[in-house]
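Enquirer: Attaching a single structure in structure tokens format; questions to follow.
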Amino acid sequence: MFTGLIETVGQIAAIEKGGGDWRVTVQSSLPIGEIKLGDSIAVSGACLTVVAMGEARFTVEVSQESIDKTAFDTLAVGQPVNLERALSVNGRLDGHIVQGHVDAVGRVESITPEGRSIAIWFRVPGDIGRYIIPKGSIAIDGVSLTVNQVADGEDATRFSVNIIPHTQHKTTLAELMAGKRVNIETDLLGRYVERLLRRAPGCAAGEKSSGITEAFLRKNGFA
């Protein structure tokens, strides 16, 4: 589990492609002495496993599934990436719960300066739009952000976030440009709530209505 608070920005040092999977080496300032083989590190929002380490660098394996489901298909040597180690048991959850499981690849629509911040609009597939709400949390390339506005369309959802100066300096988001593809992970809690409501009494299998009734709310302690 991660928080969406980036520890450092690394750089892709090498990519070995073969057998469908990739081995990607990342140069970083993370304390290598605190990283073990098998540890999980979120690389621009995707949870990957450390399989080798060297001086100021580590190597992760990227499965074909991850390549297909993320923006990693355009990964290149020299590209900067956001890095976060898994949350420790005694760590602070200052962002939001991030699994490192990318839900979809989004695309930057527009970038507009707003004072010292920048406002960015993204477009994502419509099937994940229901998990994106104003003032809710979302992870973009592994960065925990707050959604400002949401606009639903027939086959896509658009939403905006504001990137404050601190986030611009500490992540790769300041380097985004219109058309750039990014890894998107929606809020885990929203997906759990949807699952719960779809299994509520009175909601048939596959039915999209919430099934919320006064009796249901009372039974679950909400009324």
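All residue numbers for the sequence shown refer to the working numbering, where the first residue is -14 and numbers rise by one.
The beta carbon of each residue, even a glycine, is placed where N, CA and C say it ideally should be.
Using a threshold of 8 Å, state whether the C-beta atoms of I0 and W7 are closer than that.
Expert: Taking the first residue of the sequence shown as 1, we reach residue 0 at position 15. Taking the first residue of the sequence shown as 1, we reach residue 7 at position 22. The answer is yes: Cβ separation under 8 Å.
Enquirer: Applying the 10 Å Cβ sphere with the 16-neighbour rule, what's the burial state of V128?
Expert: Translated into the one-based positions of the sequence shown, residue 128 becomes position 143. Buried, since its Cβ has 16 or more Cβ neighbours within 10 Å.
Enquirer: Residues in its own chain within less than 7 Å of T34 by CB, not counting five upstream and five downstream?
Expert: Your numbering for residue 34 matches position 49 in the sequence shown. Within the same chain, T34 has close Cβ partners G23, S25, V45 and E46.
Enquirer: Mind reading off the beta-carbon distance from N147 to E94? Whole number of angstroms is fine, and I expect it under 8 Å.
Expert: Sequence index remark: in the sequence shown, residue 147 carries index 162 (1-based). Sequence index remark: in the sequence shown, residue 94 carries index 109 (1-based). Contact doesn't hold; Cβ gap of about 15 Å is too wide.
Enquirer: Under 8 Å, do R143 and W106 count as touching if we go by C-beta distance?
Expert: Mapped onto the sequence shown, residue 143 falls at position 158. Mapped onto the sequence shown, residue 106 falls at position 121. Against a cut-off of 8 Å, the Cβ pair of W106 and R143 comes out as a contact.
Enquirer: For S122, count neighbouring Cβ atoms within 10 angstroms of its own Cβ and tell me buried if that reaches 16, exposed if not.
Expert: Here residue 122 is taken as the residue at index 137 of the sequence shown, counted from 1. With 16 or more Cβ atoms within 10 Å of its Cβ, S122 is classed as buried.
Enquirer: How is E139 classed by DSSP in three states: helix, strand or coil?
Expert: Taking the sequence shown and counting its residues from 1, the one referred to as residue 139 is at position 154. Residue state, collapsed to three classes: coil.
Enquirer: In whole angstroms, give me the CA-to-CA distance for N10 and G80.
Expert: Counting from one through the sequence shown, the residue named residue 10 turns up at place 25. Counting from one through the sequence shown, the residue named residue 80 turns up at place 95. Sequence check: residue 10 is Thr here, not Asn. Taking the straight line joining both Cα atoms gives about 27 Å.
Enquirer: For Q12, list the residues DSSP reports as bridge partners.
Expert: Taking the first residue of the sequence shown as position 1, residue 12 is located at position 27. Paired residue(s): Q(-4) and R42.
Enquirer: How about V83 and G(-11): do their beta carbons lie closer than 8 Å?
Expert: Indexing the sequence shown from 1 puts residue 83 at position 98. Indexing the sequence shown from 1 puts residue -11 at position 4. Cβ distance < 8 Å, so V83 and G(-11) count as in contact.
Enquirer: Please report the residue range of the beta strand (DSSP E) in which I52 lies.
Expert: Within the sequence shown, numbered from 1, the residue matching residue 52 stands at position 67. From DSSP, I52 is part of no beta strand (DSSP E) but of the alpha helix (DSSP H) over Q49 to K54.
Enquirer: Since K2 sits in a beta bridge, which residues does DSSP pair it with?
Expert: Along the sequence shown, one-based indexing puts residue 2 at 17. Answer by DSSP bridge pairing, in chain order: W7.
Enquirer: Hey, could you find the ends of the beta strand (DSSP E) V66 is sitting in?
Expert: Locating residue 66 in the sequence shown gives position 81, where the first residue counts as 1. From DSSP, the beta strand (DSSP E) with V66 extends over P65 to R70.
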